[in-house]
Amino acid sequence: MNDYEINMLVDAAKEAADKAYVPYSEFPIGAAVMCEDGTIYNGCNIENASYSATVCAERVAIFKAVSDGNYSIKAVAVYSENSMPIPCGTCLQVMAEFNKDMKIYVVSDDDLNAFDLIDLLPFQFSIDKESL
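Written out as structure tokens, the structure is:
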């Protein structure tokens, strides 16, 4: 990805963080995914009193892309204002479902780090989709 695409992705993640529903943690996270066709989908974390019903920003963004019929996700940016929001294992596994080679940009107001998905989730669950 070039710098322009990364900046667009990060801006979409920042915009999404402003919409986070976080009455319990008060820790807003925004995420955005870029698909191979350049389309960007963003999402925010949405908390729930039962905690297990809470959903992470990364999955919201991915599920928005998929529900729009766009399965070709090439990168994700995850943003938190004050700290580096490393995606949880569940989100990493959802990312692996759509692109085992996905690039992940973890962003705060002070820092941007780029990771390959394989570095954050070296032992992914997978299925040979060619055999389905």
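Under my numbering, the first residue of the sequence shown is numbered 9, with each subsequent residue one higher. Even glycine gets a Cβ: it sits at the ideal position worked out from N, Cα and C.
message: Quick check: what's the CA-CA separation for PHE35 versus SER88?
response: 8 angstroms
query: Buried or exposed: where does PRO31 fall if 16 or more other Cβ atoms within 10 Å of its Cβ makes it buried?
result: exposed
query: With MET103 and ILE70 assumed to form a contact (beta carbons below 8 angstroms), what rounded beta-carbon distance in angstroms separates them?
result: 7 angstroms
- request: Name the two residues that bound the continuous beta strand (DSSP E) containing VAL41.
  value: 38–43
query: Buried or exposed: where does GLU44 fall if 16 or more other Cβ atoms within 10 Å of its Cβ makes it buried?
result: exposed
task: Using the Cα positions of SER75 and TYR49, report the straight-line distance between them to the nearest angstrom.
output: 11 angstroms
query: Under the three-state reduction of DSSP, which class applies to PHE35: helix, strand or coil?
result: coil
- request: Whole angstroms is fine: what's the gap from ILE54's alpha carbon to ILE14's?
  value: 24 angstroms
- prompt: With 16 as the cutoff for other CB atoms within 10 Å, does ALA25 come out buried or exposed?
  reply: buried
message: At 3 residues or longer, what runs of the beta strand (DSSP E) sit wholly inside the stretch 34–100?
response: 38–43, 48–52 and 81–87
task: Return the first residue and the last residue of the alpha helix (DSSP H) that LYS111 is part of.
output: It is not in any alpha helix (DSSP H) - LYS111 instead sits in the beta strand (DSSP E) that spans 111–115.
task: Please list, in chain order, all residues of the same chain as SER33 whose beta carbon is under 7 angstroms from its beta carbon, the five residues on each side excluded.
output: GLU55
Residue from ILE37, LYS27, MET42 and THR98 whose Cα sits closest to the Cα of MET16: MET42
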